[in-house]
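Be aware that the sequence shown starts at 500, since it is given in my numbering, and climbs by one per residue.
Where is the CB? At the ideal position from N, CA and C, for every residue including glycine.
Only a predicted model underlies this, so the values are computations on that prediction, with no experimental measurement involved.
Below is one structure, written out as structure tokens; comments come after it.
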Amino acid sequence: ATPRREFLRASVVAGAAMAATGPFVHTGRAAAVEKIRIGLVGCGGRGTGAVLNALLAKTRVLYPPPGHGYHTENAVPGARPKAKNVEIVALADLFQHRLDQCRRQLRLVGVEVPDNRCFTGFDSYEKVIELPEVNYVLFASPPQFRPREFRAAVEAGKHVFLEKPIAVDAPGVRSVLETGKLAEKKGLTVGAGTVRRHRLDQQETIKRLRGGAVGEITEVQAWFNVGEIWAIPRVDSWSDLEWQHRNWPYFTWLSGDIIVEQHIHMLDVANWVMGSHPVRAYGVGGRISHPPGGVFGHTYDHFYIEYEYPNGVRLFSMNRQIANCDNRVANRVKGTKGESNCQDTIFAGGKKWKYQGKMTDPYEQEQMDFIAAIRSGKPINETRAVAEATLTAILGRESAYSGKALDWDTVLNSKRSYTPQKYEFGPAEMPEVVNPKRYKFF
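What follows is the structure in structure tokens.
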């Protein structure tokens, strides 16, 4: 068991470090590395985009309507890498077609990954990690796989970048936290895809908020309300589980549901502002737009969660993926002296402050920050922050699924696992949409 006060004590220490040095924590010294040699695991849209970001090659994001293919992050025509001494040396994915798409995009910017360093299958991540040429492994596969991938890479002494979220259940979060401690002992840098922590405007704004710019914080809000994202229709030749893996966002065991896979960004900002994580949640959710089964699997299409932080402050959180609705992706914090959008603007004392400083592409900035830490021999470790953001989302999901108010400790120490005994393709029943009337968390 992990008592809440242990988590809170660590959060306060980490929060103090972040307030002093930025949105990530330096963990000591390690051997400096000049040439960065990246192995990518998970060659879908975000994985391809992330390695292009590491190369500082411009990208464009494409979101097809549901049923019309995958989300892709492609190289801008004519783009060329600007990063020095950064190489993409190995690729891995469960599916050949995703790996091929990634290779095509890399070729557009002049990068060729040879056949003997391209791997497919459930064990493909191991083959990347085993390569002595690789010193940085970037994981962008579905979050179900993140705990085992992270552990294998750290045990092999690799620097690791973890796309968010880092798990789909509490056992996975606990595993990642333990691996994060091992990475710290080994002097390895661990970055995370909670990209808003690498926005320069957001860093300055939240530094001011934590310094009292709006007085004592009294309320936090978070929205990630958007339309439908990509979805992959079933093909007769695919087994049940192969289709689920291809259409992973719509299966809780692979994605964690939309609150975990997507809304984690805004929940992470709330935790960053508060310098802690919530201690309890009470929420609702459901599926009102997507018919049972079909291309949208069994996940919910909306959540509304009320979180409570240790000091009693409430976070009101809303997440939705339904077409033809007004969208909003934002945070807001209210205080005794004003309010802020937690990104670039603060209203307080009858005055408006707006960030006027330098801006970079945050997806490139997170890679620059990560690589700079490796090169300097001053590792950063973002494990705890992304793990807490992930568990914040899981806490909300389980409250909505169960219809119960749940506390942090109960969920953190839960044995409820969404991980199968074996990863394979084959037959499987379509999971039902969760009904709180019947769902039992305990």
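Next on the checklist: With a threshold of 7 Å on Cβ separation, who are the neighbours of G521 within its own chain once the five nearest residues in sequence on each side are excluded?
Outcome noted: Locating residue 521 in the sequence shown gives position 22, where the first residue counts as 1. Residue confidence for G521 is low, a pLDDT of 48 falling below 50, so the modelled location carries little weight and cannot support an answer.
Next on the checklist: I'd like to know whether the C-beta atoms of V633 and V689 end up nearer to each other than 9 Å.
Outcome noted: Counted from its first residue, the sequence shown places residue 633 at position 134. Counted from its first residue, the sequence shown places residue 689 at position 190. No, the Cβ-Cβ distance between V633 and V689 is not below 9 Å.
Checklist entry - To the nearest whole angstrom, what separates the beta carbons of T882 and V675, a pair I think is in contact under 8 Å? => result Here residue 882 refers to the residue found at position 383 of the sequence shown. Here residue 675 refers to the residue found at position 176 of the sequence shown. Their Cβ separation, rounded to whole angstroms, is 6 Å, which keeps T882 and V675 in contact under 8 Å.
Checklist entry - How close, in whole Å, do the beta carbons of K657 and Y624 come, if the pair is a contact with beta carbons under 8 Å? => result As a working mapping, residue 657 is identified with position 158 in the sequence shown. As a working mapping, residue 624 is identified with position 125 in the sequence shown. In this structure K657 is not in contact with Y624, their Cβ atoms being roughly 11 Å apart against a cut-off of 8 Å.
Item to check | Exposed unless 16 or more other CB atoms sit within 10 angstroms - verdict on E923 | outcome: Sequence index remark: in the sequence shown, residue 923 carries index 424 (1-based). By the neighbour-count rule (16 or more Cβ atoms within 10 Å), E923 is not buried but exposed.
Checklist entry - Are A927 and D739 touching if we call contact CB-CB under 9 Å? => result By one-based count along the sequence shown, residue 927 stands at place 428. By one-based count along the sequence shown, residue 739 stands at place 240. Note that the C-beta distance between A927 and D739 is below 9 Å.
Checklist entry - How many Å lie between L911 and V610 at the Cα? => result Locating residue 911 in the sequence shown gives position 412, counting from the first residue. Locating residue 610 in the sequence shown gives position 111, counting from the first residue. Looking at the two C-alpha atoms, the distance is approximately 42 Å.
Item to check | K557 classed as buried or exposed, judged by whether at least 16 other C-beta atoms fall within 10 angstroms | outcome: One-based indexing of the sequence shown puts residue 557 at position 58. Burial call: buried.
Next on the checklist: Between Q920, G925 and E887, which has its C-alpha nearest W907's C-alpha?
Outcome noted: Numbered from its first residue, the sequence shown carries residue 907 at position 408. Taking only the C-alpha atoms, the option nearest W907 is E887.
Item to check | Given 8 Å, three or more beta-carbon pairs between the segment 704 to 724 and the segment 769 to 779 | outcome: Under the Cβ criterion (8 Å, minimum of three pairs), the segment 704 to 724 counts as touching the segment 769 to 779.
Checklist entry - On the three-state DSSP scale, how would you describe R827? => result Residue 827 sits at position 328 when you count from the first residue of the sequence shown. Note: R827 maps to strand in three-state DSSP.
Next on the checklist: Helix, strand or coil, according to DSSP, for R579 in the structure here?
Outcome noted: The sequence position of residue 579 within the sequence shown is 80, counting from 1. The answer is coil: DSSP assigns R579 none of H, G, I, E or B.
Item to check | Nearest-angstrom Cα separation, counted from F940 out to P502 | outcome: Indexing the sequence shown from 1 puts residue 502 at position 3. Indexing the sequence shown from 1 puts residue 940 at position 441. For P502, the pLDDT reaches just 40, beneath the cut-off of 50, and the residue's location in the model is therefore unreliable, leaving the point undetermined.
Checklist entry - Does the beta-carbon of K936 have 16 or more other beta-carbons within 10 angstroms, so that it is buried, or is it exposed? => result Taking the first residue of the sequence shown as position 1, residue 936 is located at position 437. Result: exposed.
Item to check | the segment 615 to 623 / the segment 560 to 570 touching (three or more Cβ pairs under 8 Å) | outcome: Segments in contact, no.
Item to check | P930 beta carbon less than 9 Å from that of W729 | outcome: Counting from 1 along the sequence shown, the entry for residue 729 is found at position 230. Counting from 1 along the sequence shown, the entry for residue 930 is found at position 431. W729 places its beta carbon 9 Å or farther from that of P930.
Item to check | Per-residue DSSP class, three states only, for G656 | outcome: Taking the sequence shown and counting its residues from 1, one reaches residue 656 at position 157. Of the three classes helix, strand and coil, the one that applies to G656 here is coil, per DSSP.
Checklist entry - If N818 sits next to F802, beta carbons under 8 Å apart, how far is it from one beta carbon to the other, in whole angstroms? => result The sequence position of residue 818 within the sequence shown is 319, counting from 1. The sequence position of residue 802 within the sequence shown is 303, counting from 1. The pair is a contact, with the Cβ atoms about 5 Å apart (cut-off 8 Å).
Checklist entry - In terms of residues, what are the limits of the beta strand (DSSP E) holding R536? => result Numbered from 1 along the sequence shown, position 37 holds the residue referred to as residue 536. Under the DSSP assignment, R536 falls in the beta strand (DSSP E) whose first and last residues are I535 to V540.
Next on the checklist: Distance check for N746 and L814, CA to CA, integer angstroms please.
Outcome noted: The residue labelled residue 814 in the question sits at position 315 within the sequence shown. The residue labelled residue 746 in the question sits at position 247 within the sequence shown. When rounded, the distance between both Cα atoms is 31 Å.
Checklist entry - Hey, Y1000 and G548 are a contact pair by Cβ (cut 8 Å); roughly how many whole angstroms apart? => result With the chain covering 500 to 941 only, the question about residue 1000 has no answer from this structure.
Item to check | Where the beta strand (DSSP E) through S738 begins and ends | outcome: Walking along the sequence shown from the start, residue 738 turns up at place 239. Annotation: S738 is outside any beta strand (DSSP E) and is labelled neither H nor E by DSSP.
Next on the checklist: Quick check on F621: does DSSP put it in helix, strand or coil?
Outcome noted: The count along the sequence shown starts at 1 and reaches residue 621 at position 122. Three-state result, F621: coil.
Item to check | Residue nearest to R831 in terms of C-alpha spacing, selected from F660, E718, G577 and T859 | outcome: Numbered from its first residue, the sequence shown carries residue 831 at position 332. With distances taken between Cα atoms, R831 lies closest to E718.
Checklist entry - How about E760 and V778: do their beta carbons lie closer than 9 Å? => result Taking the first residue of the sequence shown as position 1, residue 760 is located at position 261. Taking the first residue of the sequence shown as position 1, residue 778 is located at position 279. No. Outside cutoff.
Checklist entry - Is the beta carbon of L766 less than 9 Å from the beta carbon of A721? => result Position 267 of the sequence shown, counted from the start, is the residue given in the question as residue 766. Position 222 of the sequence shown, counted from the start, is the residue given in the question as residue 721. Against a cut-off of 9 Å, the Cβ pair of A721 and L766 comes out as a contact.
Item to check | Nearest-angstrom Cα separation, counted from A655 out to G541 | outcome: By 1-based counting over the sequence shown, the position of residue 541 is 42. By 1-based counting over the sequence shown, the position of residue 655 is 156. Approximately 19 Å, taken between the alpha carbons.
Checklist entry - Can you tell me where the beta strand (DSSP E) with L555 in it begins and where it stops? => result Position 56 of the sequence shown holds residue 555. Run containing L555: none; DSSP gives neither H nor E here.
Checklist entry - Counting Cβ pairs, one atom from each stretch, are 3 or more of them under 8 Å apart for the segment 894 to 909 and the segment 781 to 789? => result Three or more Cβ pairs closer than 8 Å define a contact, and the segment 894 to 909 meets that threshold against the segment 781 to 789.
Checklist entry - Taking Cβ positions, are T889 and V672 nearer each other than 9 Å? => result One-based indexing of the sequence shown puts residue 889 at position 390. One-based indexing of the sequence shown puts residue 672 at position 173. The Cβ atoms of T889 and V672 lie closer than 9 Å to each other.
Checklist entry - In its own chain, which residues sit with a C-beta less than 7 Å from the C-beta of P641, not counting the 5 before and 5 after it? => result In the sequence shown, residue 641 corresponds to position 142, counting from 1. Here the set comprises W747, L753 and S754.
Checklist entry - What residue from C841, V659, E715 and C824 has the CA that sits closest to D868's CA? => result Here residue 868 refers to the residue found at position 369 of the sequence shown. If you compare the alpha carbons of C841, V659, E715 and C824 with that of D868, the shortest gap goes to V659.
Item to check | Own chain residues within Cβ distance below 7 Å of N840, not counting five before or after | outcome: Here residue 840 refers to the residue found at position 341 when the sequence shown is read from its first residue. Excluding positions up to five away in sequence, the list reads A829, N830 and R831.
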